[in-house]
Amino acid sequence: MLSNNIHSLVAALAFLTISGCGQEKELVTASEVLDPPTIKFSAIDGLLHSEPGILREVDLRQYVVGGDGVEFTDVVSLNPHCAHPKLSDVGFDVYPEKGVLCDYRYTAALGGERLQATISIFGTKARTPILPSVSYSIPAEQQVSNIILSDLLGTDFPGGYTLNKVERLPSNGGMNGVATITAPESNVINYTRSENDFGWDRLRYTLVGGGNIKDVQEASVVEDALMGEVYVLSSRANSGVAPIIGNPNASYVPVEPIITHGGTVTIDLDTAGMDINKPDGDEYQLIEVQSLSATVSATAPSDVTNKSFNFQAAMPGEHVVSYIVSNHYGEYSMGLIRIEVSAAQSGKVFPDITVSDDTPPQLSSRYTLTAPPLYNNDIAKVFNVKPIWDDTTGSTLAGFTSLDTAQAYCGTLGGSVPALTDRLSNVITDAIQPSKPAPWPGQVAGYGHIDTALWAGGLLVACAKYSSMKWNALATTLYVSDTFQDIGVLTKDTAAQNVTANLTVGGSIKTADIQFEMTSEQGSRQVFVKAKSSKQGTFAVQFSDSSNPAMFINSSEMTFNMSKCNSYAQSLSDNCIGVEVFDSTKYFFSNNVGENPPSKPHLVVMPVSSEALTAMGYTKDYSSNNSGKTYGTIAISPKQNLALFRADGQGEGGQAARWCNNLSQIAFMGRRDWTMPYIEVINGVTDDRYMRFLNQINRDQDNWQGLAAWLDIRSYKIANTILIGEALETIATSANHFVFCIAPLDVERVNLNVSVDNVISNLNNKGKVEATLYHSNNQPATGMDVSFKVNNGALFSNGADSIIVRTGSDGKASVELTNATEGVVTVTANYKDASNVEPAYKGITKTVDVTLRCKNLGGACIDILDTGSGKLFTNSPSKAYLDSIGGSKTDDTYESSIGQPYGLFYLFTSWDNANALCATYNTRIIGGRDNWRLPTKDELKMELHNRYGYMFDARGWPASGNYGYWSSTAAPFGHYSVWLADGSVNSEDSPGASGYASCVSELNVERLVF
């Protein structure tokens, strides 16, 4: 990929001054390298992974921005071991080789100018084959090092994989070491550097095997290949201290609007949340920036104070950028930034199509062909899809890469992937015609059907749906509990329809472990579905017509996870996991071990009950060759059944280490960094929280002879324990002891975002509020309780004005609310961790207003139209609505409208009054925003009328031919108005001219930090 390797201006001074910058990339095959273009279009780097041995057709049009009419004139391999690709009209074709990363440089030509960029293709079946980049530091006096990948990657190291290959990549880092593998099964890279080499080196390695990456939603794939990179750092011995990166693996959350694919942003390490400290006040410089999947470059490569880089990605999704910073003394530190890129969308809506023939005789005489879905984070989390940009519609579509994935998606709509027939072909051919009022996309990718084998490159999917049943999921992550939890609402074809629910399960859970509760009011099509489980695992439900199973709808996959206990007493016997917060400088264990431990609060998983382990699929195994999900025995007392673990068996640390590793694998509480405690983080005597735990155990069991917990001291290569109340001692690995698992606490300071979804059709009176909880390092906080409250008579889905929702794996907790009357309600979201270090901590709160819409905009409500890019438009307000929020300047003039829509609507008799309306909206924070303004003439005409047509038909807005909508665009004698009935534009120069007023707001998501 494009690499901005920044080297010293004077080699002799490389480690005495902050280095200057240049750019270099080694090319293997001969091909012309071009000068920078003079016209405004860009070619972007990219990373693809594809099944080995299967022809991959690469469409390069998605990697060119502003290149309408671009031609691809050349593509070459940059690696001698990779075959030369075959150029096509829209890109190139290639056969990926298993476990091999091949770089292909392509040339894009437009208007006499040419650009080059690189596409890298990795041959693998793995869904997420790229492991996080890591760094390894070598002391100045050391030349030979053994780099243990499992130690560097920690819980990110995939079980069942072995080291297959390692290569050194060209760089300007000043080191030219030799990397070899002597024992692949040990997963150790042997690295040797020359005595006088200092700087950094970049290694790329490949793993092969049949385990899975630590993702509970990803199935194991046999004989897959994974890839990762190691940065080897070595600094000269001196009195300097390398820059300290507080968040070395951080997620970048932009202050500006969301980053969309194709867009270019500049990211400043000083302000992006990396928390880079400067020891002794010594400045640092960005000297290396890399990304496998995006184009990155230093913003000012020749500036010795530069700390920022430019970023551009052709594809939505998460992109990882690695960087190296250095001080004046040549001391290096490496970090990662994870950047989430959203799919660009035009906001166009593609209608479903009713097909009247080709229908199986056992079904109805008609079926619906559903429009192809757009690509977004929600669909990408559930289904293995790739983004496909369709320039003709300005939309990013979901490209399905296998028939199984496409069938699973169609099942959630109550349909299936259709067979190829002449009728189907004709329907789709007609639907994609540009002359249609709302043409389907289809100029870039084809549509899949059950007989095609060309899924690898991604196909659009239109599902054949025979039922009008709908499934509205309320949760995808549930918790093992004796209490029923809401999972969704099923809407039947008719109120009288009888529906059967069938389960599919995965993991340790069985069908008998799950109980359902389905309730419905008489005469209603809606069925409210709840579930509970005594075991952890995944499940999905198919709801089918009891008399005609061919009419069905599937839920998406849901997961029962373990939850955090609410008390010590509960953790001693219930199927939940006790979690406390301890500071390593406060008192935890009663031993005084280690010197000068770091001041860092930690989350601590307390000893776990056998009930909780059983729910997670664990079994008892007291043997020395124990493996998998096992524990040694139980510390039995009248009121508790706490599990004890051995330190032998499979893997280093045995059962004890595997328990903590498993918590990371399932991302318990959203964390993937659970480990057994190291001696360095244990200190002190006892604090009140530890004593609560100890006293609880002592109350439940008399004559307890000492509690012990395993410690992880790998440097000694022996098992150790630390005894609570006694001294540290070494003990046999066959002994049974408690295990405390720890993770650095990042929620002592959290971020809470709240967004409001008012994009609801006029036929529904619903609003959705979504709270996103982040750790202080910007990682999503999973499994946290967010409390919601609402006023003015509105209710949540549970029928009450308050509800508690736990955040999912993405840190999001969402609620739907309804109201019997139209208007504005206030929703308050609050997060408070009961185990927080600071007892006086009151939590964080965010309040937003939600406008609940109505069938008729003449009532006390307003329509907020989202154009798809985050830009919102409001209709001209009714008298009832504007009065309900306190009013604005109108001179009490209004129109009595009959039928378009029915009701009284204020007229704004001057431009000043119309402008004041938007200021009123800002004061009231309508729709959760405070940046409302009058739209321009072009926004009203181009973005509303030309796109949606007659706004009464499109959205129910008042748009009669009598009045236009005020704009902010000045005319020779006033301001322009746009008629949203026919799109005509007039200049309003009369002092008493009346008109409607719409306000517009661009996306500017507020991010509160408490």
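If you count the sequence shown from 1, position 667 lands on 667 in UniProt numbering, and the numbers rise without skipping. Ideal Cβ placement from N, Cα and C applies to all residues, glycine included.
Cβ contact annotation for serine 346 (same chain, cutoff 7 angstroms, sequence separation greater than five): Thr393, Gly394, Ser395 and Gly868, in chain order. Straight across, the Cα-Cα distance linking lysine 535 with alanine 643 is about 17 angstroms. DSSP places glutamate 517 within a strand segment (E or B) once states are collapsed to three. If you draw a straight line from the Cα of serine 609 to the Cα of glutamate 557, it is about 28 angstroms long. A straight line joining the alpha-carbon of aspartate 863 with that of aspartate 68 spans about 35 angstroms. Closest by C-alpha distance to proline 52, out of Ser291, Leu817 and Gly457, is Gly457.
By the C-beta density criterion, proline 958 is buried, having at least 16 other C-beta atoms within 10 angstroms. By the Cβ neighbour-count rule, lysine 40 is exposed, with fewer than 16 other Cβ atoms within 10 Å of its own.
Residue environment for alanine 800: exposed (fewer than 16 other C-beta atoms within 10 angstroms of its C-beta). As the crow flies, the alpha-carbon of lysine 530 is around 16 angstroms from that of lysine 492. Between phenylalanine 92 and threonine 73, the alpha-carbon positions lie close to 10 angstroms from each other. Taking the Cα of valine 241 as reference, the smallest distance to any Cα among Thr260, Val325 and Ile181 is reached at Val325.
Spatial neighbours of cysteine 660 in its own chain (CB-CB distance under 6 angstroms, excluding positions within 5 residues in sequence) are listed in chain order as Trp674, Thr675, Met676 and Cys741. Looking at the DSSP output, methionine 227 shares a beta bridge with Ile130 and Thr206. Under the 8 angstroms Cβ criterion, the segment 262-277 does not count as touching the segment 223-233, having fewer than three qualifying pairs. No Cβ-Cβ contact shorter than 8 angstroms links threonine 401 with serine 342. Secondary structure at threonine 370: coil, using DSSP grouped into helix, strand and coil. If you look at glutamine 542, you'll find it in the beta strand (DSSP E) that goes 537-545. Residues of the same chain with a CB within less than 6 angstroms of the CB of aspartate 621, apart from the 5 flanking positions on each side, are Thr630 in chain order.
For asparagine 798, no beta strand (DSSP E) segment is defined, and its DSSP state is neither H nor E. Valine 604 is classed as buried because its beta carbon has at least 16 other beta carbons within 10 Å across all chains shown. If you draw a 10 Å sphere on the C-beta of alanine 495, you find fewer than 16 other C-beta atoms in it, and that means exposed. Sequence-distant Cβ neighbours of alanine 997 in its own chain, meaning closer than 6 angstroms and more than five residues away, are Ser876, Phe908, Ala914, Leu917 and Trp966. Looking at the DSSP output, glycine 317 sits in a beta bridge with Val341.
Collapsing the DSSP output to three states places lysine 879 in a helix. Proximity to threonine 504 across Asn561, Gln542, Phe383 and Gly159 peaks at Gln542, based on C-alpha coordinates. Taken through DSSP and simplified to helix, strand or coil, methionine 175 comes out as coil. Bounds of the alpha helix (DSSP H) holding glutamine 655 are 654-665.
Cα atoms of alanine 860 and glycine 903: separation of roughly 10 angstroms, rounded to the nearest angstrom. Here lysine 465 is buried, its C-beta having at least 16 other C-beta atoms within 10 Å.
Relative to alanine 183, the option among Lys879, Trp200, Leu163 and Met606 whose CA is nearest is Leu163.
Of the candidates Thr180, Leu336 and Tyr191, Leu336 places its Cα closest to the Cα of glycine 246. Looking at the backbone, the Cα of cysteine 82 and that of aspartate 201 are separated by about 23 angstroms.
Under the three-state reduction of DSSP output, asparagine 922 falls in the helix class.
Your pair leucine 207 and proline 158 checks out as a contact, with CB atoms roughly 7 angstroms apart and the cut at 8 angstroms.
Cβ-Cβ separation between glycine 177 and glycine 199: approximately 10 angstroms, too far for a contact (criterion under 8 angstroms).
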